[in-house]
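For the sequence shown, the numbering used here gives the first residue as -9, with consecutive numbering after it.
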Amino acid sequence: MTVKKREPESPKSDFDYSARGYSAELRELQIELLKLQNHVKDQDLRIVILFEGRDAAGKGGTIKRITQHLNPRGARVVALGRPSDRDRTQWYFQRYVEHLPSAGEIVFFDRSWYNRAMVEPVMGFCTDEQNKRFLKDVSMFEELLVKDGIQLFKYYFSVSKKEQRRRFEARKTDPLKQFKVSPVDEKAQELWNQYTVKKFQMLGESNRTLTPWTIIRSDRKNPARIHCIRHFLGHVEYPDKPDASRFATDPAIVISGIDELKFMEDNLFDMKEPLG
C-alpha cells in the first residue's frame, strides 16, 4: 500500500496581514506581553524562551518584536558568541546557566545550548561524541530547570531552502543587514541536508512532554511573528488575560514538535520545497 505524503498546508489568515493590520495586531499583543511581564515581576516568576532554527529563519526579528516595549530591567536577550578557550574546558551547559533568569525575569535565547545539536556538528565545531552526549543529557538538564520552577518555551523557526537563499542575497545588498552575513551562512545552503538530519535527531531526542518543541513556519515573517507571540501568550497565565480564543494560532504556521517529527519521517528528503 502506498502512503500518501502529507504536504504542508497553505498559511491561512484570520486577520489582516497588510502593514496596517499587522501593526495593529502586533500592538495589541505587545500590550498583553507587558501585562504578562508585570505579573512575572509581581510573582517572582522565571521564564526562558529559546529561539532556534537555521540562519535567516527569522529568530532575531521575532525576538525584537516581543521585547520592543518590555521593561529591559526584567527582560534580557542572550546571544552568545563562540565559546572561549576557558568555556571549552567547562561543563557544556555552564556558560548558559549563568544567563538563566532570576526571580521576576524573562530571558530570550537567540540560539541556545542547542548549538551543539545542529550548527556545531554540521560545521565540525564539535565531535560526534560531544554531539551524542549533548543529545543524551539535554532533556535531563531541561527537566531540572522546569522542576526548579522555570517556565521553558522552545521555538524552532522553520524556513524553506528557497526563502533562506533569498534572504541571504538580500543581506548581501542591504548595508543595514550586512553584519549578519557570516561564513556559516555561506555553507548553510550547501549543507542543507546535513542540517535537516541534525534537526530530525534533535527533535527526536529533545521533544519531551515536559519540554516540548513548537515549530514556527517562517517563510512569511509577519504571520510567523504574530503566531509565535500568540502561542506564547496562550500558554502562560496572568491577570486580565483575554479568552483563549484571542490567541488562536494557524495550524499551518504553528506545529507541535511531535507533528513535525511525523511529517519529517514521511517526507525527509522527498519534498518539492524542503522545509527547514
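A virtual CB, placed ideally from N, CA and C, is assigned to each residue, including glycine.
None of these values were measured; they are calculated from a predicted model.
- In terms of alpha-carbon separation, which member of 225, 195 and 139 lies closest to residue 92? Per the Cα distances, 139.
- Query: In terms of residue numbering, what span does the alpha helix (DSSP H) encompassing residue 220 cover?
  - Reply: Here the alpha helix (DSSP H) through residue 220 covers 211 to 224.
- prompt: Do residue 266 and residue 202 come within 7 angstroms of each other at the CB atom, strictly closer than that value?
  reply: Not in contact: residue 202 and residue 266 (Cβ atoms no closer than 7 angstroms).
**Prompt:** Counting pairs of Cβ atoms below 8 angstroms between the region 68 to 78 and the region 169 to 184, do you hit three or more?
**Reply:** Between the region 68 to 78 and the region 169 to 184 there are fewer than three C-beta pairs closer than 8 angstroms, too few to call the two in contact.
Using 8 angstroms as the cut-off, can you tell me whether the region 54 to 74 makes contact with the region 82 to 89, which would need three or more C-beta pairs spanning the two stretches below that distance? Per the Cβ contact rule, the region 54 to 74 is in contact with the region 82 to 89 (3 or more Cβ pairs under 8 angstroms).
| said: Can you confirm whether the region 187 to 202 touches the region 214 to 230 when touching is taken to mean that 3 or more C-beta pairs between the two stretches lie within less than 8 angstroms? | reply: Output reads no: the region 187 to 202 does not touch the region 214 to 230.
| request: On the DSSP bridge assignment, give the partners of residue 8 in chain order. | output: Its beta-bridge partners do not exist; DSSP assigns none.
Margin query: Using a Cβ distance threshold of 8 angstroms, determine whether the region 18 to 29 contacts the region 113 to 133, with at least three qualifying pairs required.
Written below: Between the region 18 to 29 and the region 113 to 133 there are fewer than three C-beta pairs closer than 8 angstroms, too few to call the two in contact.
Three or more C-beta pairs below 8 angstroms linking the region 207 to 223 and the region 49 to 65 = Segments in contact, yes.
Item to check | Between the CA atoms of residue 166 and residue 182 - distance to the nearest angstrom | outcome: As the crow flies, the alpha-carbon of residue 182 is around 26 angstroms from that of residue 166.
Note to self: Quick check on the burial criterion: 16 or more other C-beta atoms within 10 angstroms. Buried or exposed for residue 33?
What the structure shows: Exposed, because fewer than 16 other Cβ atoms sit within 10 Å of the Cβ of residue 33.
Separation of residue 161 from residue 155, as counted between CA atoms
One Cα belongs to residue 155, the other to residue 161, and the distance between them is close to 10 angstroms.
Alpha-carbon to alpha-carbon, residue 108 and residue 116: Rounded to whole angstroms, residue 116 and residue 108 show a C-alpha spacing of 10 angstroms.
Give me, in chain order, the residues of the same chain whose beta-carbon lies closer than 7 angstroms to that of residue 8; leave out the 5 immediate sequence neighbours on both sides.
Nothing listed; no residue qualifies.
Per-residue DSSP class, three states only, for residue 65
Strand at residue 65.
Minimum length 4: unbroken alpha helix (DSSP H) runs contained in the region 64 to 147: Complete alpha helix (DSSP H) runs here, min 4: 75 to 78, 84 to 87, 109 to 113 and 118 to 137.
Look at the alpha carbon of residue 253 and the alpha carbon of residue 244, and state the distance between them as a whole number of angstroms.
-> So the two alpha carbons sit approximately 13 angstroms from each other.
Quiz prompt | residue 251, DSSP secondary structure in three states | solution = In the structure shown, residue 251 sits in a helix (DSSP, three-state: H, G or I).
Worksheet item: Skipping 5 residues on each side, what residues in its chain have a beta carbon closer than 6 angstroms to that of residue -8?
Response: With a pLDDT of only 38 at residue -8, under the threshold of 50, the placement of this residue in the model should not be trusted; the figure read from the coordinates follows. Correct list: empty, nothing qualifies.
C-alpha distance - residue 62 paired with residue 96, whole-angstrom precision: If you draw a straight line from the Cα of residue 62 to the Cα of residue 96, it is about 10 angstroms long.
Q. Any idea if residue 13 is buried or exposed, counting beta-carbon neighbours within 10 angstroms, 16 or more meaning buried?
A. Residue 13 counts as exposed, since fewer than 16 other C-beta atoms from the protein chains shown sit within 10 angstroms of its C-beta.
**Request:** Look up residue 52 in the DSSP assignment and say whether it is helix, strand or coil.
**Result:** In the three-state scheme derived from DSSP, where H, G and I count as helix and E and B as strand, residue 52 is classed as helix.
query = When DSSP labels each residue in this structure, what does residue 30 get in the three-state scheme?
reply = In the structure shown, residue 30 adopts helical secondary structure according to DSSP, grouped into three states.
- Query: So what does DSSP say about residue 330, is it helix, strand or coil?
  - Reply: There is no way to answer for residue 330, as the model of the chain reaches only from -9 to 266.
query = Just how far apart, CA to CA, sit residue 179 and residue 148?
reply = When rounded, the distance between both Cα atoms is 14 angstroms.
Taking the alpha-carbon positions, what's the residue 79 to residue 38 distance?
The alpha-carbon atoms of residue 79 and residue 38 are separated by roughly 25 angstroms.
Inset, instruction - Determine the extent of the beta strand (DSSP E) in which residue 244 is found, giving its start and end residues. - result: Residue 244 -> beta strand (DSSP E) spans 244 to 246.
So, is residue 209 buried or exposed, given that buried needs 16 or more other C-beta atoms within 10 angstroms?
Buried is the call here.
Exercise for the section: Identify every residue that forms a DSSP beta bridge with residue 42. Expected result: Answer is 146.
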